Structure formats: C-alpha cells, structure tokens
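Each position in the sequence shown, counted from 1, maps to that position plus 4 in our numbering.
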Amino acid sequence: MPIERHRVNQEQIEANTERSTPHAQISNSDDAFCIRRWMLGVERWVFSLFYIGMTIFLGCGFAAKYREGGGNFSVPLQWALGLQRLKLDAIWLELLPATNDLAADEARIQYFQSQLRTHGLARRYCLLYQKPASDTHDLDNIRCIGISKRELLDRLGGPNVLLNLAYSIHPPLLLKFERRIFCDLDPSEIFYWMTKLEMGQSYHHEFWTIGLNVHGSDCRLPKPVVPPTGRRLQWNTFYPLVDTKLYRPQRRPNAQKFTTVGQWYWSGAVEVAGKFPDLSKKFAFEPYLDLPSHIPEARFELAMNIDAEDPERERLQRRGWKIVDPHRVAGAPTAYRRYLASAVAEFTAIKGVDVAWRTGWISDRAAAFLALGRPVITEDTGAERYLPAENGFSFIRDVDEAKAAIRGVARDWPLLSKQARRCAVEVFDSVKNLRKILDF
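What follows is the structure, given as structure tokens:
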C-alpha cells in the first residue's frame with residue numbers, strides 16, 4: 005500500500021535502537037519488571053516511527069449530536085485517548101448534521117469542544133458541521149470547527165488513515181482518505197443491513213468488527229458482499245476499546261448494586277426467519293424481572309430512558325427495580341465513569357439476535373466495567389472462548405444462571421474484581437487493540 009513509502013527502514017530502526025540501548029544498566033539490573041518496562045518503551049518508540057508524518061483520523065458521527073449520552077460519547081473517546089497514548093498524530097473527525105434548532109446545534113458544538121478540552125484533546129479534532137444535513141458528505145457543504153478546512157485538506161493530501169466508526173463518514177469525503185478502515189461496533193445490525201443496502205462495503209480497504217465469533221462455525225451472522233462483484237467481505241476482529249489509564253480500579257461500593265446503562269426501547273431491526281424480532285432491552289430483560297424478589301439482599305437498578313409517565317416505569321418498580329435517568333446519572337463521560345463505579349457489577353440482558361446468531365458481541369460498556377474492577381454478568385453470545393479463562397465475566401443463559409452469578413459476585417467479589425481488571429488490561433485496552441487494527 006502507499007503507506008509503506010512512509011515507513012522507516014527496518015535496518016535503520018534496529019541500528020537506532022541498538023545505539024540507544026543502555027547496556028550497562030540492563031546487564032546490572034536484577035529488576036525484571038524494569039527491563040520489561042524499558043523494552044516496552046523502546047518498542048513503542050520504534051513503532052511510532054512507522055507513522056511519522058501520517059495523520060490518523062478517527063471518524064465518528066454519533067458523539068456530538070447526542071450530548072446527553074455520557075456512555076455514547078465515551079465510545080469514540082476511548083479510541084482518541086488510545087491514539088494519544090500511542091503518540092500518533094491523530095485527529096478526531098466528528099460529523100454533526102444541522103437541525104432546525106440552531107441554538108441547540110451551537111450548544112452541541114460547545115459541549116463537544118468542552119469535553120475534548122477536559123480530556124486533553126483540545127487541538128486534536130475537526131468537527132464537521134453539515135448544513136443542510138445529508139447522507140452525502142461533501143466538504144463544500146461543511147463548516148470545519150477545530151482545525152481549519154485548509155489544514156484538513158493539507159492532511160488529506162499527505163499520508164493518512166481513517167478509522168471509520170460504524171460508517172460515520174460517507175462519500176465523497178470518504179474517498180479522500182488514503183487507507184480506509186471500517187470499524188463495526190454492532191455486528192448483528194451492520195452485517196444484516198450490509199446485505200440489503202450500501203453501508204460502506206464498497207468504499208473501505210479493511211473491515212474490522214467486535215463480533216468476536218464472526219469466523220466461528222456456529223456463527224449465524226449474514227455474509228455481506230461487495231457489489232457488484234459479489235466478493236465476500238474479509239472481516240478481522242478486535243475487542244471493544246477501553247482506556248485503562250482513564251478507567252482505573254475503584255474500591256468496592258457499600259451498596260450491593262447491580263446496574264446497566266442503555267435505551268429501554270430500540271428501533272433497530274433485522275430479519276430472522278422471515279420475522280423482525282424485538283431488539284429492545286424491554287424484551288431482553290423480561291425473563292429476569294423477578295430477580296429482585298429472588299435475591300432481596302441485592303439492589304437492581306436500570307439507568308434507562310423511561311419517561312416518568314411511562315407505565316413501564318411503574319411496572320418495573322413493582323417488580324423491585326429502581327429506575328434512574330441516564331441523562332442525570334451518566335450524562336457526561338466523567339459522570340458515566342462515576343456511575344459505573346457505583347455498582348459492584350454490571351447485570352444486563354442483550355439483543356436476542358446476538359445470542360441466537362452467536363455473534364461473539366461484547367459491549368464497550370462491559371469493557372469499561374471490567375477496567376473499573378467491576379465483574380460483568382451478561383448473556384452468552386459465543387464470546388467466552390475468545391477471552392482468558394479468568395476474565396471477570398459470568399455468561400448466563402437463563403434466570404437460574406443469573407441468580408447463581410449474582411450470588412457469586414457477592415461471595416467472591418475481591419477475586420472477580422481483580423480478574424475483571426486484569427482482563428481489561430490484557431484484552432480490551434485501547435492501545436493494544438489500536439495497534440492490532442493499525443498493524444504496528
């Protein structure tokens with residue numbers, strides 16, 4: 005690929021590394037940890053040379069427009085902070101379609117900027133304000149906020165890579181990037197709709213998914229192809245990213261609270277055996293709604309968007325579930341991290357299609373819980389085989405397994421907490437997964 009032109013000669017790298025080696029210090033040191041740490045530093049330095057003069061763009065289109073969603077915003081934030089830890093020249097490219105409320109749009113822009121400043125990314129973004137909104141992304145109809153349009157074009161004229169989250173960036177802008185990597189965050193819906201519509205399969209060089217079981221013999225995901233050739237897409241897998249420097253272990257909370265964050269209702273759809281099943285949390289949680297009566301010593305909470313006047317709220321409360329407003333308790337990335345840490349573990353049910361299709365899907369939220377030292381109880385999608393044996397997860401298939409897992413967390417929390425954190429660092433860390441995707 006054209007990128008190879010910009011990579012440093014390997015012999016020169018080895019020569020530079022050899023000259024910089026403090027031989028005396030290493031030979032006289034008995035501290036193996038220090039040696040490993042030094043070697044890791046050299047390795048990072050060597051790999052960073054591969055990308056000298058190259059811009060890594062992080063393409064996103066769902067953070068700025070939903071400023072009340074701290075968990076939603078945290079997804080691309082993990083990627084951006086990982087790129088920063090890798091010392092790469094990275095730009096967060098955020099698309100914001102205009103609405104009819106210009107004041108609300110301006111508030112979204114200011115909020116986006118404030119969050120990037122808070123996390124040390126003040127000069128590392130270009131917000132693409134598109135007016136009018138369109139599925140076609142043309143720079144001529146876009147206002148650049150952050151880096152200028154001139155700087156953006158200059159960077160596009162040089163060596164660059166686009167990490168396109170969930171097909172956020174569309175043509176013709178998409179076609180200006182030298183190396184285009186599709187990063188799928190929702191395999192069941194993305195794979196299905198790729199068999200029906202253009203979802204970016206024609207415009208990217210590489211395809212990556214968090215559907216860990218995509219190559220498993222029991223995986224039932226649809227098989228997207230590239231039109232008009234009919235060539236089947238070649239998928240690589242990665243783990244949901246968490247910045248383990250930002251998400252650090254927290255002490256055990258006093259309350260025996262199990263919670264999750266999400267949308268109670270869901271409008272997404274896929275066809276299974278001629279039918280369109282309900283993909284909502286409302287449907288997924290139904291088998292588990294009596295858990296509070298079975299385990300009264302535990303506290304079950306849902307941070308879900310359920311209006312005060314919605315009958316669902318009263319129905320859940322009668323069954324022993326506490327309902328909180330996610331916009332209030334987790335409306336910003338910092339509040340989101342704090343809310344996750346307030347629980348002893350995550351308990352959640354997931355879209356039935358991920359279970360039925362054995363996608364191997366794990367949520368980015370689960371990775372965040374793990375990094376905080378919080379075990380995760382979730383339904384089995386076929387992902388377990390791709391994790392270490394001691395991983396902090398309890399994968400369940402029914403309410404009896406859920407009850408056993410909840411009691412297990414109460415009994416063995418210190419051990420499970422350590423396993424959760426270790427798995428986050430070893431498997432889900434943003435730097436490790438970005439290095440895998442970027443091939444360095």
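Beta carbons: idealized from backbone N, C-alpha and C, even for Gly.
Note that the coordinates shown come from a computational prediction; the quantities given were computed from them, not determined experimentally.
| Check | Outcome |
| --- | --- |
| For residue 228 versus residue 365, is the C-beta distance shorter than 8 Å? | no |
| For the beta strand (DSSP E) holding residue 328, just list the boundary residues, first then last. | 325–328 |
| What residue from 329, 323, 290 has the CA that sits closest to residue 2's CA? | Any question about residue 2 goes unanswered here, given that the chain covers just 5 to 444. |
| Does the segment 323–337 come close enough to the segment 168–179 that 3 or more CB-CB pairs lie under 8 Å? | no |
| If we require 4 or more residues per run, which alpha helix (DSSP H) segments fall completely within the segment 390–440? | 403–427 |
| Starting from the C-beta of residue 272, find all residues in its chain whose C-beta is less than 6 Å away, skip the five residues before and the five after it, and write them out in chain order. | 193, 283 |
| Between residue 237 and residue 211, what straight-line distance do the alpha-carbon atoms span, to the nearest angstrom? | 7 Å |
| How would you label residue 27, buried or exposed, when you count the other beta carbons within 10 angstroms and need 16 or more for buried? | Below a pLDDT of 50, predicted positions are generally treated as unreliable, and residue 27, at 32, falls in that range; no measurement from the model is reported. |
| Taking a contact to mean a Cβ-Cβ separation below 8 Å, would you say residue 302 touches residue 410 in this structure? | yes |
| Following the continuous alpha helix (DSSP H) through residue 79, name the residue where it begins and the one where it ends. | 74–89 |
| When you compare only the Cα positions, how much space is there between residue 32 and residue 385? | Below a pLDDT of 50, predicted positions are generally treated as unreliable, and residue 32, at 43, falls in that range; no measurement from the model is reported. |
| To which residues does DSSP link residue 306 through a beta bridge? | 327 |
| Counting only runs of 4+ residues fully inside the segment 121–179, write out the alpha helix (DSSP H) ranges in chain order. | 153–161 |
| Could you compute how far the alpha carbon of residue 196 sits from the alpha carbon of residue 224? | 11 Å |
| Going by DSSP in three states, residue 94 sits in which element: helix, strand or coil? | strand |
| Quick check on the burial criterion: 16 or more other C-beta atoms within 10 angstroms. Buried or exposed for residue 214? | buried |
| With a threshold of 7 Å on Cβ separation, who are the neighbours of residue 254 within its own chain once the five nearest residues in sequence on each side are excluded? | 345, 376, 377 |
| Taking residue 146 as the reference, which of 130, 347, 352, 164 has the closest Cα? | 130 |
| Between residue 183 and chain B, is the shortest Cβ-Cβ distance under 8 Å, so that the two count as touching? | Among the chains in the structure shown there is no chain B, since it carries only a single protein chain. |
| CB residue 245 to CB residue 371, shorter than 8 Å? | yes |
| Select from 341, 206, 189, 351 the residue whose C-alpha is nearest the C-alpha of residue 264. | 351 |
| For a quick check, are the C-beta atoms of residue 446 and residue 276 less than 8 Å apart? | Beyond the ends of the chain as shown, which are 5 and 444, falls residue 446; an answer cannot be given. |
| Exposed or buried, which one is residue 355 when buried takes at least 16 other CB atoms within 10 Å? | buried |
| Can you tell me where the beta strand (DSSP E) holding residue 350 begins and where it ends? | 349–351 |
| So for residue 213, helix, strand or coil by DSSP? | strand |
| Pick out whichever of 206, 230, 166, 337 has its Cα sitting closest to the Cα of residue 58. | 166 |
| Give me the Cα-Cα distance between residue 435 and residue 398, rounded to the nearest whole angstrom. | 25 Å |
| Give the straight-line distance between the Cα atoms of residue 123 and residue 87, rounded to the nearest whole angstrom. | 13 Å |
| Between residue 200 and the rest of its own chain, which residues show a CB-CB distance below 6 Å, the 5 nearest in sequence each way excluded? | none |
| Go ahead and pull the three-state DSSP assignment for residue 42. | helix |
| Note down the Cα distance separating residue 158 from residue 151, rounded to an integer number of angstroms. | 11 Å |
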